[in-house]
Amino acid sequence: MHPNPSIFKAYDIRGVHPSDINADVSYAIGRGYATLLLSELPAPPRKIAVSGDMRLSTPELKEALIRGITDTGLAVDDIGMLSTPTFYAAVGLFKYDGGVQVSASHNPKEYNGFKLVRAEAVPISGDSGIQTIRAIIETDAYAPLAETKGSRGSRSDVTLAVLEDQLSRAAAARAAISSLKVAIDPGNGVGALDMQALFARLPCEVVWMNETPDGTFPAHPADPMLEENTRQLRERVAAEKCDVGIGIDGDGDRYFFFDEKGEVVPPAILRGLLAQIELAEHPHATIVYDTRPGRITTELIEEAGGRAIMAPVGHSLIKEAMLANGAVFGAESSGHFFYRLPYGTFEAPVLTVVKFLAFVSQGGKPLSELIAPYRRFHSSGEVNVRLQNRSEGAAAIERIKKAHRDARQHTLDGLSVEYPEYWFNVRLSNTEPLLRLTVESPSPNVTDEKRKELMALIESK
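The sequence shown begins at 24 in my numbering and counts up by one.
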């Protein structure tokens with residue numbers, strides 16, 4: 024079998040349903056994944072967790088995936104419709120040998136895909152197993168079909184079990200939360216399941232919108248990183264005089280917070296504030312964050328006595344960097360926030376939301392005033408340039424590199440360039456045909472000027 028090679032991404036497997044991702048491909052991925060694990064795991068018993076999001080194609084794909092795994096001899100528990108973070112936590116908490124979440128995250132409704140992990144929800148990325156699975160499928164190098172298929176079971180207690188465990192790890196923060204008014208837009212994604220269970224246990228008044236999981240995304244695409252997808256939330260926050268707004272992506276692993284005016288808390292500030300909260304509990308600990316500019320993140324980590332380590336963009340890559348460096352917390356500008364727990368390292372939105380609401384409750388001021396002192400730098404935001412092919416983007420990066428040869432540069436993820444008065448990162452997306460540019464400086468005028476200069480270089484060809 025030869026699936027479209029483009030579905031095998033840096034962080035997961037993802038494509039359009041049914042042209043790229045369908046039941047046949049899903050079955051092959053199940054067998055390829057099981058073959059990989061059989062080559063790594065000790066003797067049986069071996070049991071895998073499988074869950075999925077609310078996309079219309081998820082039940083069909085999940086069923087085929089489970090057949091592929093059990094036909095290869097591994098036992099599977101179908102643990103239901105879950106957010107991706109709750110899936111990760113279940114793999115660790117219930118001591119599964121690995122797991123697969125059927126989801127395409129925040130992508131449009133016609134997409135679907137697979138996030139694969141080992142025990143303790145250690146991510147399987149392109150370099151740590153996805154390309155191996157691709158090779159197994161393309162060369163028909165599967166483990167033999169098992170004489171006795173793996174057993175199939177189920178669990179229905181996962182969301183509440185994970186919630187109670189994580190609430191027990193944030194008891195002090197939970198106790199500090201006051202009767203805030205919070206607007207929440209899960210974008211008809213599965214993050215609603217986590218937040219409904221959580222806020223039933225908090226003293227907050229909640230203004231819900233788009234809280235019913237629906238794979239047609241009737242209100243708007245479930246990607247709160249794009250401003251147009253948060254218009255409804257921002258307007259409701261201001262109109263209903265909420266203290267905080269929360270926007271969540273489709274599979275519930277990316278969170279964005281909004282102040283009482285309906286303005287987003289800049290990701291770089293949010294990364295740094297959440298890092299400081301963890302450093303108060305873990306003095307001098309290591310914090311990992313992505314390469315996208317946000318100098319305030321570094322400053323807040325170092326001001327709190329932490330060790331700041333930069334990693335390439337990508338949820339699986341940041342988790343791998345956290346594991347390699349013994350970090351207690353990791354953060355990505357796209358709204359991923361990772362915690363080191365006794366049973367794994369992954370996103371834990373329950374901890375993020377509880378600790379952030381405690382920060383707001385204890386601040387004694389509106390959220391906009393609490394974060395005002397941290398607005399030291401001005402960012403362009405992530406500017407996306409659509410490409411015909413990756414070589415076009417690589418050529419643009421090379422032009423930029425040569426034009427800024429007098430600056431400090433590093434190539435951890437794309438190209439990062441630093442001058443005293445401004446700095447920027449330009450990189451190829453690992454998931455879409457895009458070149459992504461972010462510019463930052465202490466001056467909004469400088470940021471805008473340099474953004475225009477860099478865009479001219481990108482488009483000059």
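Each residue gets a CB set at the ideal place from its N, CA and C atoms; glycine is no exception. Since the model is a prediction, treat every value here as computed from it, not as a measurement.
- Beta-bridge partners assigned by DSSP to PHE279: GLY270.
- Considering only LEU183, ALA194, ASP120 and ILE160, the residue with the shortest C-alpha distance to LEU380 is ALA194.
- Here the alpha carbons of GLY212 and LYS32 stand approximately 22 Å from one another.
- The way I'd put it, the region 270 to 282 does touch the region 194 to 211; three or more beta-carbon pairs between them come closer than 8 Å.
- Counting only the Cα atoms, ALA144 lies some 21 Å from VAL376.
- Around the C-beta of ARG413, fewer than 16 other C-beta atoms lie within 10 Å, and the residue is accordingly described as exposed.
- According to the DSSP secondary-structure assignment, HIS401 is paired through a beta bridge with SER464.
- The beta carbon of SER483 sits closer than 8 Å to the beta carbons of ARG422 from its chain, once the five residues preceding and following it are set aside; these are given in chain order.
- For GLU441, the enclosing beta strand (DSSP E) begins and ends at 438 to 441.
- Counting along the chain, THR368 sits inside the beta strand (DSSP E) bounded by residues 367 to 370.
- ASP217 and HIS129 have their alpha carbons spaced roughly 17 Å apart.
- According to the DSSP assignment, SER391 belongs to the alpha helix (DSSP H) that extends over 390 to 394.
- The residue from GLY176, GLU83, HIS25 and VAL462 with its alpha-carbon nearest to that of ARG69 is GLY176.
- Counting C-beta pairs with one atom in each stretch, the region 72 to 81 and the region 101 to 112 have three or more that are closer than 8 Å, which means they touch.
- When the five nearest sequence neighbours on each side are left out, the beta carbons in the same chain lying within less than 7 Å of the beta carbon of ASP246 are those of HIS129, ASN252 and ASP272, in order along the chain.
- Restricting attention to ASN407, ASP471 and LEU480, the CA atom closest to the CA of ARG450 is found in ASN407.
- Scanning the region 37 to 100 from its first residue to its last, the whole alpha helix (DSSP H) runs of 4-plus residues come out as 46 to 61 and 81 to 94.
- Under DSSP, ASN407 shares a beta bridge with ARG459.
- Under the three-pair Cβ rule at 8 Å, the region 157 to 171 does not count as touching the region 340 to 360.
- PHE110: member of the alpha helix (DSSP H) spanning 107 to 116, first to last residue.
- By the beta-carbon neighbour count (other beta carbons within 10 angstroms, threshold 16), PRO26 is buried.
- According to the DSSP assignment, ASN348 belongs to the alpha helix (DSSP H) that extends over 338 to 348.
- Here SER174 carries a coil assignment [DSSP, helix/strand/coil].
- For GLU304, the enclosing alpha helix (DSSP H) stretches over residues 290 to 304.
- In the DSSP assignment, ILE159 falls within the unbroken alpha helix (DSSP H) covering 154 to 161.
- The Cβ-Cβ distance between ILE153 and LEU59 does not fall below 7 Å.
- Ranked by how close their Cα comes to the Cα of LEU84, the residues PHE110, VAL39 and LEU346 have VAL39 in first place.
- Straight-line spacing of the CA atoms in ARG37 and ASN45 works out to 11 Å.
- Comparing alpha-carbon positions, the option among ASP429, PHE117 and ALA479 lying closest to PRO443 turns out to be ASP429.
- DSSP places ASP35 in the coil class of the three-state scheme, outside both helix and strand.
- For PHE222, the enclosing alpha helix (DSSP H) starts and ends at 214 to 222.
- With three or more CB-CB distances shorter than 8 Å, the region 304 to 321 counts as touching the region 330 to 338.
- The Cβ neighbour count for ASN468, taken over all protein chains shown within 10 Å, is under 16; the residue is labelled exposed.
- Under the criterion of beta carbons closer than 8 Å, ASP282 and SER391 qualify as touching, at roughly 4 Å.
- Of the residues assessed, ALA215 falls on the buried side of the cut-off, its CB having 16 or more other CB atoms within 10 angstroms.
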